[in-house]
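Residue numbers (the working numbering), protein chains in the order written: chain A, 1 to 250; chain B, 1001 to 1262; chain C, 2001 to 2259.
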């Protein structure tokens, strides 16, 4: 949007919303919404405390492990599906089902099978992320321009060289796109896992704060979470744009 | 058509005139100080290499773009936006994918608030005229590229504007269809008492269909030449391409354009 | 069976084979058993049949679907409305779009404890959970679809003298509707996640109650059966939406190209 001929940067209205939040908080309209300044002050207080750091590190560990498994399993499976029709036809229905299924319903099963700990949360995170990664890697391989592969083969490329020099790079934009969406889903998965298995990480912190009505503590943690999630997603979008140039020109 | 012939050389008075048109996008100069007249009842081609601003000029005349400076007049009145005196035929057809052929052809009338029965009657007539009878209830994706452009043409004819603006209308159809279109266009120019503005990048096409060819050159965009083939209109459509005048003009245009091809 | 028939049914056969392999593996894993909490496939299906037979499953779904359906209806109307406004107005886009971009990236489930504090443990909170999960994607898709309506169609509308309202109603909205509809489908999928989450997290009702209760009394076949049923329901419903989508917008997808 332009005001007085100056283009306002994209996310600048968030400042306005922050001011509105502060005003609503200052007027004490709702007990549940303390002013932004109080939340930020609380954030400074708790950000170095052992409880917060413990929650953050537990969450980060579950998140990173979950994302790692989702990528390490998802990309090869997706590429395999893209290259082999039989595997594709056997797996695709399941991938599609789990892509749109309400995975929250599976968390109780994980709790029964893997206990109330880190393991269940890691699996929840992976389950949220993996399906879209598989699907995008598959799509990336399937849309590779036939003439690129024929070009490589006609110049005498070995199958391995064709794979490392053509397939991977040609599918990279789609693969990265899948990883980006997968990681955003993983952030949601790790929080949902922690909420349902509410004795670890931020889940435990939320329980503690809401049980004691510590509103500014609660909002401070929310703010950190949202900011982290948003930064991760923007960072990945930035990476994706950097490979976009050749995605467009294929 | 004789009633329009006011000048001594047999050129009818202009239906559309562009006066000192300039258009810049930021620092890019698309058109500079361009002046051109379009005789009434005739077909004028805007011919030139890509990047010479021919589509920009057409969209300015259509009222879809505003010139940075200069003025367009249609029948003596300045253009301030799209108007009922002009109808546009789009290069990529611009058909509504969710609407039937009948509704697409009637869409211009629909936007003008013509009642349903009346506009569909008119649309049916023009669908027959462009040779699409029987396809009224088909959807654009069920038609070939050539048939889609016939829909676009019928839509422009249905609103009965005096000026038809055609933006490379045949560039997205195959060569055979294109030739048929060109023949049909000649028939249309003869029958309908309309003024045609026709953008193309094909020299042969321009010479084949035009009463007047304006050659536009890029950097800066300008009209380098206006050619009026004299003897081609009287010829049979099948003989034009063998006519010495046709061949000469094609050669002459190519000679003046070849330096501008990258 | 002749060869062409075999080829025609190849995809169906492979689907059946694939299902047989997965359910077979489930059956075998349950028989070993891999865990005390892992019933066999047939035990679970038997439990499902029992729940269908005594009607308890339908009762549970009438509870589960209420917040889901209400939440989805609210999200659809509000989401499409806000999305249209964002797509059509640059100042509203500037003001509101960032909120939804952040919402789309953020783990909104973390708001649940807060919603419970504010609205209690009743229906309102659950509807809210469905809404915050479902709405961002509906808003973003609608806004994107409206903003990316093909320029050539908009120019066509203008050159044939359509006024602002005509162009919005007859050109922009129809051309955005496939994207809006797929936003609704994605929103529905997210809404299912929210509905189950709220039943597991806020108060056990409906299917969430069956899951929680049978877990607490270690009736694992019933628990698996309930989870199986909700996944099947969600997948079937979303498949239905996808089919409707394909049927409605078949021409839209192919008709733009000037091929």
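Even for Gly, the Cβ is constructed at its ideal location relative to N, Cα and C.
On a predicted model such as this, the values are computed, not experimentally measured, just so you know.
With 16 other Cβ atoms within 10 Å as the buried cut-off, status of residue i
| i | result |
| --- | --- |
| residue 2036/C | exposed |
| residue 26/A | exposed |
| residue 29/A | exposed |
| residue 242/A | exposed |
| residue 124/A | buried |
| residue 2163/C | exposed |
| residue 155/A | exposed |
| residue 217/A | buried |
| residue 2185/C | buried |
| residue 131/A | buried |
| residue 1079/B | buried |
| residue 1169/B | buried |
| residue 2113/C | buried |
Beta-carbon contacts of residue i that lie in its chain and below 8 Å, excluding the five residues immediately before and after
| i | result |
| --- | --- |
| residue 1148/B | 1093, 1095 and 1140 |
| residue 1030/B | 1023, 1024, 1053, 1056 and 1221 |
| residue 2127/C | 2067, 2070, 2071 and 2074 |
| residue 161/A | 152 |
Minimum Cβ-Cβ distance from residue i to chain C less than 8 Å
| i | result |
| --- | --- |
| residue 1160/B | no |
| residue 1111/B | yes |
| residue 230/A | yes |
| residue 1084/B | yes |
| residue 42/A | no |
| residue 103/A | yes |
| residue 81/A | no |
| residue 1115/B | no |
| residue 34/A | no |
| residue 1254/B | no |
| residue 1234/B | no |
| residue 11/A | yes |
| residue 998/B | This structure cannot speak to residue 998/B, because chain B is shown only from 1001 to 1262. |
Same chain, Cβ closer than 6 Å to residue i, five either side skipped, listed in chain order
| i | result |
| --- | --- |
| residue 2014/C | none |
| residue 2222/C | 2047 and 2214 |
| residue 2103/C | 2136 |
| residue 1001/B | Unreliable positioning characterises residue 1001/B in this predicted model, as indicated by a pLDDT of 36, which lies under 50. A coordinate reading is not provided. |
| residue 201/A | 55, 58, 59 and 194 |
| residue 2026/C | 2041 |
Short CB-CB distance (under 8 Å) between residue i and chain B
| i | result |
| --- | --- |
| residue 2157/C | yes |
| residue 2179/C | no |
| residue 2162/C | yes |
C-beta atoms of residue i and residue j nearer than 8 Å
| i | j | result |
| --- | --- | --- |
| residue 14/A | residue 24/A | no |
| residue 2088/C | residue 2168/C | yes |
| residue 2180/C | residue 2148/C | no |
| residue 2079/C | residue 2135/C | yes |
| residue 2107/C | residue 191/A | yes |
| residue 1162/B | residue 1015/B | yes |
| residue 1058/B | residue 1082/B | no |
| residue 2206/C | residue 2143/C | no |
| residue 1102/B | residue 1087/B | no |
| residue 1062/B | residue 1165/B | yes |
| residue 1116/B | residue 1159/B | no |
| residue 1154/B | residue 1185/B | no |
Interface partners of residue i on chain F, CB under 8 Å
| i | result |
| --- | --- |
| residue 94/A | Looking at the structure shown, chain F is missing, and the protein chains on hand are A, B and C. |
Chain A contact for residue i (CB, 8 Å cutoff)
| i | result |
| --- | --- |
| residue 2102/C | yes |
| residue 2213/C | no |
| residue 2067/C | no |
| residue 2015/C | yes |
| residue 2231/C | yes |
| residue 2119/C | no |
Cβ-based neighbour list, residue i, same chain, cut-off 7 Å, excluding 5 preceding and 5 following
| i | result |
| --- | --- |
| residue 229/A | 187 |
| residue 237/A | 180 |
| residue 2203/C | 2121 |
| residue 1306/B | Since the displayed chain B opens at 1001 and closes at 1262, residue 1306/B lies outside it and no answer follows. |
Members of the region 2039–2050 of chain C that neighbour chain B once the beta carbon cut-off is set at 9 Å: none
Chain-ordered residues of the region 2128–2140 of chain C with a beta carbon less than 7 Å from chain B: none
Residues within the region 2188–2205 of chain C neighbouring chain A, beta-carbon criterion of under 7 Å: 2189, 2192, 2193, 2196, 2197, 2200 and 2201
Chain C contacts from the region 108–120 of chain A (Cβ-Cβ distance under 7 Å): 108, 109, 112 and 113
Near-chain C residues of the region 1040–1072 of chain B (beta-carbon distance less than 9 Å), N- to C-terminal order: 1059, 1062, 1063 and 1064
Residues in the region 1082–1107 of chain B having any Cβ partner in chain C nearer than 9 Å: 1082, 1083, 1084, 1086, 1087, 1088, 1090, 1091, 1092, 1093, 1094, 1095, 1096, 1097, 1098, 1099 and 1107
Chain C contacts from the region 166–199 of chain A (Cβ-Cβ distance under 7 Å): 184, 187, 188, 191, 192, 195 and 196
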